[in-house]
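Peer 1: I am attaching a structure below and will ask some questions about it afterwards.
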Amino acid sequence: MQIKSFFIIGSAVLASAAFAQASLGTVGTVQGLVTDTVGGNVTSTTPGEQIVDGERFTTSSNGSVTLNLNNGCTITLQPNQAVTIDSRMTCRALIATVSGGAPGRAIAAGNAANGLLFVAGLAAGGFALDRVLDKNPNLSAR
Numbered sequence: 458m459q460i461k462s463f464f465i466i467g468s469a470v471l472a473s474a475a476f477a478q479a480s481l482g483t484v485g486t487v488q489g490l491v492t493d494t495v496g497g498n499v500t501s502t503t504p505g506e507q508i509v510d511g512e513r514f515t516t517s518s519n520g521s522v523t524l525n526l527n528n529g530c531t532i533t534l535q536p537n538q539a540v541t542i543d544s545r546m547t548c549r550a551l552i553a554t555v556s557g558g559a560p561g562r563a564i565a566a567g568n569a570a571n572g573l574l575f576v577a578g579l580a581a582g583g584f585a586l587d588r589v590l591d592k593n594p595n596l597s598a599r
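Plus 457 on top of the position in the sequence shown (first one is 1) and you've got the working numbering.
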């Protein structure tokens, strides 16, 4: 039971720290349907929205979006494209990771860290462990 509690509490603490992270920029223009994913949360992208590390933007067949990062990097996604913002990467590297459709466009340079995906994975692992220990109480620490 102690191991289970440790993973659950640790996951919650790390997840709350990840959601309190600083903004890396803002969403500029949005046309059509564009979604953004942080952890397991998928929402419709809106102009002026804050961009956080590890956030993935995906455009539909009629969507496009401009992402304005604080480091001067501007990424424009055309229809059927996606990119995951990683604060460890330069602007050029981020543009190279744009998937689908035609290549993305960018101006300037930048840097980026991917801690949010790590935290989301840790939280999911803690949840999965919790479920296993609930179903198999003999596996719990004594």
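Beta carbons: idealized from backbone N, C-alpha and C, even for Gly.
For Asn519, count neighbouring C-beta atoms within 10 Å of its own C-beta (all shown protein chains included) and say buried if the count is 16 or more, exposed if not.
Peer 2: That one is exposed.
Peer 1: Report the rounded CA-to-CA distance for Leu481 versus Ile532, giving the unit in angstroms.
Peer 2: C-alpha separation (whole angstroms): 13 Å.
Peer 1: If we count the other Cβ atoms within 10 Å of its Cβ and call it buried at 16 or more, is Asn498 buried or exposed?
Peer 2: Label assigned to Asn498: exposed.
Peer 1: Please list the segments of the beta strand (DSSP E) lying wholly inside the stretch 483-557, counting only runs of 3 or more residues, in order along the chain.
Peer 2: For the stretch 483-557, whole beta strand (DSSP E) runs of length 3 or above, ordered along the chain, are 491-495, 498-501, 513-516, 521-526, 531-534, 539-541.
Peer 1: Which residue from Arg545, Cys530, Thr515 puts its Cα closest to that of Gln488?
Peer 2: Nearest C-alpha to Gln488: Thr515.
Peer 1: At the level of alpha carbons, what is the spacing between Ala553 and Gly496?
Peer 2: If you take the alpha carbons of Ala553 and Gly496, they lie about 22 Å apart.
Peer 1: Quick check on the burial criterion: 16 or more other C-beta atoms within 10 angstroms. Buried or exposed for Gly511?
Peer 2: Counting Cβ neighbours within 10 Å, Gly511 comes out buried, since at least 16 surround it.
Peer 1: When you compare the CB positions of Thr492 and Thr500, do they come within less than 8 Å of one another, or not?
Peer 2: Against a cut-off of 8 Å, the Cβ pair of Thr500 and Thr492 comes out as a contact.
Peer 1: When the distance is taken between beta carbons, is Ile508 closer than 8 Å to Val540?
Peer 2: Cβ distance not < 8 Å, so Val540 and Ile508 don't count as in contact.
Peer 1: Exposed or buried, which one is Thr502 when buried takes at least 16 other CB atoms within 10 Å?
Peer 2: Buried, by the Cβ-count rule.
Peer 1: Assign Ser544 to one of two classes, buried (16 or more other C-beta atoms within 10 Å of its C-beta) or exposed (fewer than that).
Peer 2: Counting Cβ neighbours within 10 Å, Ser544 comes out buried, since at least 16 surround it.
Peer 1: Considering only the beta carbon of each residue, do Pro536 and Ser556 sit closer than 8 Å?
Peer 2: Not closer than 8 Å, so no.
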